[in-house]
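Structure, as structure tokens:
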Amino acid sequence: MEKFEPDIKSESSEGRSDRFLARHLSKFTEINKKYAKPHIRMTPMVRIALLGLRIYLIVLVLVLVYKFYTLIRV
Amino acid sequence: MGGDLSVNYLSRFYYQYRRVIKALQLYLLIAGPGLIVMIADNDAGGITTYAATGAKFGYALIWFLVLLGPVAYYVQEMTVRLGAVTKHGHAEAIFAAFGPFWGWFSLIDLSLVNWLTLITEFIGMTAALSIFNIPPVITVVIVIGIMMFMVVQGRYWTWEKLAMFFCLLNLVYIPAAFMVHPDVGSILQKGIIPNFPGGITATLIFFLMANIGTTIAPWMIFFQQSAVVDKGMGKKDIPWGKLDTILGAVFTVVVAIFIVLVTGTVLYGMDIQSAAQASTTMMGSYPLVGTLLAIGLFDAGLLGAICISLASSWAFGEVFGWAHSLNNRIREAPWFYAYYFFAIITAGLVVLIPHAPLVLITLFVQVIAVTLLPAALVFLILLLNNEEIMGEYRNTTIQNLVSITIVIGIISLSTLYAFSVLFPGMFG
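Which chain is which? The protein sequence lines are A and B, in order.
Numbering of the first sequence is given in numbering that gives the first Met the number 0, commencing with residue 0 and proceeding in unit increments.
Numbering of the second sequence is given in numbering that gives the first Met the number 0, commencing with residue 0 and proceeding in unit increments.
The following block contains the structure:
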């Protein structure tokens, strides 16, 4: 039986870019896995600080969206 | 006979001061990250802020600039300890300690803020050299050439010493101030004692916030920690790293004060929008001073660009696991250098686009920076309080009191500043 061998030379640019993307996406997954478990001990101080940061960022994003909306409306 | 005497004198001098000489030699080996980051803090945007402050309020806010020295020191000193103890840059430290969500947030936000800031540095540099009739395209090519030359050697030491040469150029504001003959009595009378010229007005608050905003930028935290790691500093080097940072803080405040002295003497009462405008206006009455201001602005933009682009490259290198040291040659760390070149070339090209919204970009930077600065500062304090990470080098109670107060102050004022940029009529 003839063994199938991919013809690398004639591989389309689409195929190459797919492989490039796949390789780099796997890098992101690898990083996510590597740092999945936060090493810092979640003391009350750390939890409060992180919660405060989340709230701060949400408010800031809302303000930016509001500014963007008012700019578009004008 | 005379030769013997001088050799004898020299050896006696060396014997008497050998400890000081040894300490100086050791410091010169360790010196670098603290000095560079602090002086680069006086980047194109910083120079504009100080020039506008002097023109608006004369010498009256010098006391405030003096206070900013310790503020910058306390924040940056923590990055020295964190880098020397963990041997990780700030981006990697955030990923490891707080997980991928905060890690990606910091990394992506840092790269965006840094790239936008890089554009503002190019705006400053092209404006500075256009005073000498050098077209922006030539300026961009020169800058990219210098920045490439600095890293292709493949030696951290070479890069650092070249950067320190550009730091020395930042001193041009000192002779410039002497040339305009500021009134020393007036400086002592108006500038040293804390005061609020004209009362606490919206304009004054805006200027105070702008000065605070230029004192600590997100890239500084990432840059110094990565530079400490790349230089190979360890726990034993922490005292020297602190000294380096103190000297840098003194240096940056001195330069800021001398800029205020120049514009406060010659341009007092004028509405200055940029350092390049200050320089051009100065050309009329003090051509040499105007020239020095333009050289200083170019140098400030260049130093800022050098540090900011490296801060991003180091951060990506740490997280993606690329080789990411300035001791690597280009073929040994291709992705690290590719990111560095990509950032500077694209930022330079943006400035060359006809009718690019450069003013909008400059304002946008200040707003985007406050999305990252609080996170970077809070993570810094949390990491410095973690005994498992820092051991005996963790923050003491007094250090926490001081640094938490400073961080709350910086976050509040920089957020208000961003709001005032978004909504110009906010403070009346």
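Glycine is no exception: its CB is placed at the ideal position from the N, C-alpha and C atoms.
No experiment lies behind these values; they were computed from the predicted model shown.
Of the residues B:I256, B:A216, B:Y73 and B:Y285, the one whose Cα lies closest to the Cα of B:G53 is B:I256.
Each of B:A293, B:F315 and B:I343 was checked against the Cα of B:A332, and the nearest Cα belongs to B:F315. Among the residues of chain A, those whose CB is under 7 Å from the CB of B:V377 are A48 and L52, following chain order. In this structure the stretch 54-69 of chain B lies against the stretch 198-214 of chain B, because at least three pairs of beta carbons, one per stretch, are closer than 8 Å. Shown in chain order are the members of the stretch 35-46 of chain A whose Cβ falls below 8 Å from a Cβ of chain B: A35, K36, P37, H38, I39, R40, M44 and V45.
Ranking B:Y13, B:R154 and B:P217 by CA distance to the CA of B:I107 puts B:P217 first. Annotation: the continuous alpha helix (DSSP H) that includes A:V64 extends over P43 to R72. For B:T119, the uninterrupted alpha helix (DSSP H) run begins and ends at P99 to S129, by DSSP.
Residue-level contact by beta carbon holds for A:L56 and chain B, with a gap shorter than 8 Å. Considering only B:I145, B:Q152, B:T48 and B:T116, the residue with the shortest C-alpha distance to B:R328 is B:Q152.
With 16 or more neighbouring CB atoms inside 10 Å of its own CB, B:D229 falls in the buried class. Annotated three-state conformation of A:S11 is coil, per DSSP. Around B:E387, the beta-carbon contacts reaching into chain A at under 9 Å are H38, I39 and R40.
Residue environment for B:H89: buried (at least 16 other C-beta atoms within 10 angstroms of its C-beta).
A check of alpha carbon separations from A:M44 across B:T395, B:Q276, B:G390 and B:L381 identifies B:L381 as the nearest. For A:V62, the nearest CB of chain B lies under 8 Å from its own CB, placing it at the interface with that chain.
Listed along chain A are L52, Y55 and L56, each with a C-beta nearer than 9 Å to that of B:A374.
Residues of chain A whose Cβ lies closer than 8 Å to the Cβ of B:G98 are, in chain order, Y34, A35, K36 and P37.
Assignment of alpha helix (DSSP H) within the stretch 131-171 of chain B, counting only whole runs of 4 or more residues, yields 135-151 and 155-168 in chain order. A Cβ-Cβ separation of about 6 Å places B:M281 in contact with B:V265 under the 8 Å criterion. Against chain B, the CB of A:L59 has a partner CB under 8 Å away; the residue lies at that interface. About 18 Å separates the beta carbons of B:G33 and B:L168, which is beyond the 8 Å limit, so they are not a contact pair. When C-beta atoms of the stretch 143-159 of chain B are compared with those of the stretch 273-292 of chain B, fewer than three pairs fall below 8 Å, so the two segments do not count as touching. Using a Cβ-Cβ cut-off of 9 Å, B:V318 is close to I30 and Y34 of chain A, given in chain order. For B:F195, there is no enclosing alpha helix (DSSP H), as DSSP marks it with neither H nor E. If the five residues before and after B:T262 are omitted, its C-beta is found closer than 7 Å to the C-beta atoms of A50, G53, A54, I271 and A277, all from its own chain and listed in chain order. Your pair B:L421 and A:V62 checks out as a contact, with CB atoms roughly 7 Å apart and the cut at 8 Å. In terms of beta-carbon proximity, B:F363 stays away from the interface with chain A, with every pair separated by 8 Å or more. Annotated three-state conformation of B:V406 is helix, per DSSP. Apart from the 5 residues on each side of it in sequence, B:I192 sits with its Cβ closer than 8 Å to the Cβ of W62 in its chain, given in chain order. In this structure, B:I35 and B:M149 do not form a Cβ contact; the two beta carbons are roughly 12 Å apart against a cut-off of 8 Å. Taking each of B:N385, B:V249 and B:M232 in turn and checking the Cα distance to B:K86, the smallest one comes out for B:M232. Only residues of its own chain outside the window of five on either side were considered, and among them I360, F363, V364 and I367 have a CB closer than 8 Å to the CB of B:L115, listed in chain order. Annotation for B:G295: I46, N169, V171 and Y172 place their beta carbon closer than 7 Å to its own, counting only its chain and skipping 5 residues before and after. Within chain A, no residue has its CB atom less than 9 Å from the CB of B:F341, the nearest being about 15 Å off. The shortest CA-to-CA distance from B:I130 to any of B:L67, B:L291 and B:F250 is the one to B:L291.
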